[in-house]
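J.: Under this note's numbering, think of the first position of the sequence shown as 54, with each following residue one higher. Every residue, glycine too, gets a C-beta built ideally from N, C-alpha and C.
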Amino acid sequence: MGPHARLPRPLSSKSRAYSTTLGALRDVRRAWRTARADLAHARAGLPAHEEDTTLVTESSWTYLSSGYRPGEEFLAAQTRHEIAQAREQADRVKAEREVWR
């Protein structure tokens with residue numbers, strides 16, 4: 054039995070008791086955020102939040118390209134090279150330590 058076997062189940066578990074608690078927590082958090090937003094609106098002199106308002110967002114997507122741009126490809130290659138060098142250096146240091154033990 055590993056050390057993690059005795060840990061309590063996560064709050065987002067699917068059991069009824071935990072999901073009820075999680076739902077109640079979400080409701081309380083939502084109410085708190087709404088109250089904070091209403092207070093911020095009042096301080097800014099904005100009208101109060103209305104429950105029957107609807108937010109409409111219009112957007113469109115356009116395909117630009119795939120993959121890296123030329124400069125990004127260079128940076129990615131350089132990063133891969135530096136990581137490989139760091140790993141090689143770490144392997145050399147580890148091998149040297151083992152020789153002196």
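(1) Quick check: the Cα distance between Gly124 and Ala143, rounded to an integer number of angstroms?
(2) Determine whether the beta carbon atoms of Asp91 and Ala101 lie at a separation below 8 Å.
(3) Determine the extent of the alpha helix (DSSP H) in which Ala101 is found, giving its start and end residues.
(4) Helix, strand or coil for Trp85, going by three-state DSSP, please let me know.
(5) Since Tyr116 and Ala129 are thought to touch, with beta carbons under 8 Å apart, how far apart are those beta carbons, to the nearest angstrom?
(6) How long is the line joining the alpha carbons of Val109 and Thr74, rounded to whole angstroms?
(7) Can you tell me whether Gly120 is helix, strand or coil according to DSSP?
(8) Taking the straight line between their C-alpha atoms, what separation do you get for Glu111 and Asp105?
T.: Judging by the given coordinates:
(1) Here the C-alpha atom of Gly124 lies approximately 29 Å from the C-alpha atom of Ala143.
(2) Yes, these two residues count as a Cβ contact at 8 Å.
(3) Per DSSP, Ala101 belongs to no alpha helix (DSSP H) and is neither H nor E.
(4) Residue state, collapsed to three classes: helix.
(5) Under the criterion of beta carbons closer than 8 Å, Tyr116 and Ala129 do not qualify as touching, at roughly 21 Å.
(6) Rounded to whole angstroms, Val109 to Thr74 spans 32 Å at the Cα level.
(7) Coil, per DSSP.
(8) Glu111 and Asp105: Cα-Cα distance of roughly 19 Å.
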